[in-house]
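Written below as structure tokens is the structure these notes are about.
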Amino acid sequence: MLSKKNKLFYLLLFLLPGFRVTAESGRFRVVWQTDPATAVTIVWDQLSGSDPVLCLDINDYGSDASQYAVKREPDRVTEAKGMNNHYVYLTGLLPNTDYYFLVKDSEGQSRRFYFTTAPNTPDQRLSIIAGGDSRNHRDAR
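Okay, structure coming up:
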């Protein structure tokens, strides 16, 4: 039979991996406005926390924010329809390349996301899947 101390130890051992400190950010968007092969804008809604930094790299370091080579503070912040939008404008990217990113702030960090820049040669195929909100002319929720 397990002692109370051992029971508590095993209970904590079981429960602790489920707890993770995450940045309070959401509604991530990757937006192409000029040259989709070399430039992108990353936008997110900063729900809480302060001092957010976008961490970006062509290598997938998972959740290890310290390993990401590029660290950028937002270039622009706007508030609209109850959202606190943060924008990072990235240029000089490599065409047809996977980029991995996450946002780190005073409360933790987001999960890792990725995007691929467009190819810059006419002989490479490009597929685009588009989606959107079909609730036209409704108040923001």
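Numbering of the sequence shown is given in our numbering, commencing with residue 122 and proceeding in unit increments.
In this text, a Cβ means the ideal position worked out from N, Cα and C, and glycines have one as well.
What is the C-beta distance between Tyr-235 and Tyr-221, in whole angstroms, given that I count them as a contact (C-beta under 8 Å)? In the sequence shown, the residue the question calls residue 235 occupies position 114. In the sequence shown, the residue the question calls residue 221 occupies position 100. Contact holds; Cβ gap of about 5 Å.
Which value, in whole angstroms, describes the spacing of the CA atoms of Gly-252 and Arg-150? The count along the sequence shown starts at 1 and reaches residue 252 at position 131. The count along the sequence shown starts at 1 and reaches residue 150 at position 29. If I take the Cα positions, the gap works out to 12 Å.
Quick check on DSSP: helix, strand or coil for Ala-186? Position 65 of the sequence shown, counted from the start, is the residue given in the question as residue 186. If DSSP states are grouped into helix, strand and coil, Ala-186 belongs with the helices.
Measure the C-alpha to C-alpha separation of Ile-250 and Lys-192 and round it to an integer number of angstroms. Counting from 1 along the sequence shown, the entry for residue 250 is found at position 129. Counting from 1 along the sequence shown, the entry for residue 192 is found at position 71. About 29 Å.
Do you know offhand how far Ser-227's Cα is from Ser-187's? Counted from its first residue, the sequence shown places residue 227 at position 106. Counted from its first residue, the sequence shown places residue 187 at position 66. Computed Cα separation, rounded: 14 Å.
Locate the beta strand (DSSP E) running through Ser-146, then write down its first and last residues. Here residue 146 corresponds to residue number 25 of the sequence shown, with the count starting at 1. Per DSSP, Ser-146 belongs to the beta strand (DSSP E) from 146-152.
Identify whether Val-142 lies in helix, strand or coil by the three-state DSSP scheme. Position 21 of the sequence shown, counted from the first residue, corresponds to residue 142. Interpretation of Val-142 is limited by its pLDDT of 48, a score under 50 that renders its predicted location unreliable; the figure taken from the coordinates is listed afterwards. Coil, per DSSP.
State the Cα-Cα distance for the pair Leu-183 and Arg-233, rounded to the nearest angstrom. The count along the sequence shown starts at 1 and reaches residue 183 at position 62. The count along the sequence shown starts at 1 and reaches residue 233 at position 112. Looking at the sequence shown, residue 183 is not Leu but Gly. Cα to Cα, the separation comes out at about 6 Å.
Using the three-state DSSP reduction, which class does Thr-155 fall into: helix, strand or coil? The count along the sequence shown starts at 1 and reaches residue 155 at position 34. The answer is coil: DSSP assigns Thr-155 none of H, G, I, E or B.
Use the C-beta contact count for Ser-169: other C-beta atoms within 10 angstroms, 16 or more gives buried, fewer gives exposed. By 1-based counting over the sequence shown, the position of residue 169 is 48. Ser-169 is exposed by the Cβ-count criterion.
Whole-angstrom Cβ separation of Asp-166 and Asn-206, contact assumed at under 8 Å? Working through the sequence shown from its first residue, we reach residue 166 at position 45. Working through the sequence shown from its first residue, we reach residue 206 at position 85. That belief holds up - the Cβ atoms of Asp-166 and Asn-206 are roughly 6 Å apart, short of 8 Å.
Going by beta carbon distance, what residues of the same chain come within less than 6 Å of Tyr-210, once the five residues before and after it are set aside? Walking along the sequence shown from the start, residue 210 turns up at place 89. So the list reads Thr-162 and Asp-196, once near-sequence residues are dropped.
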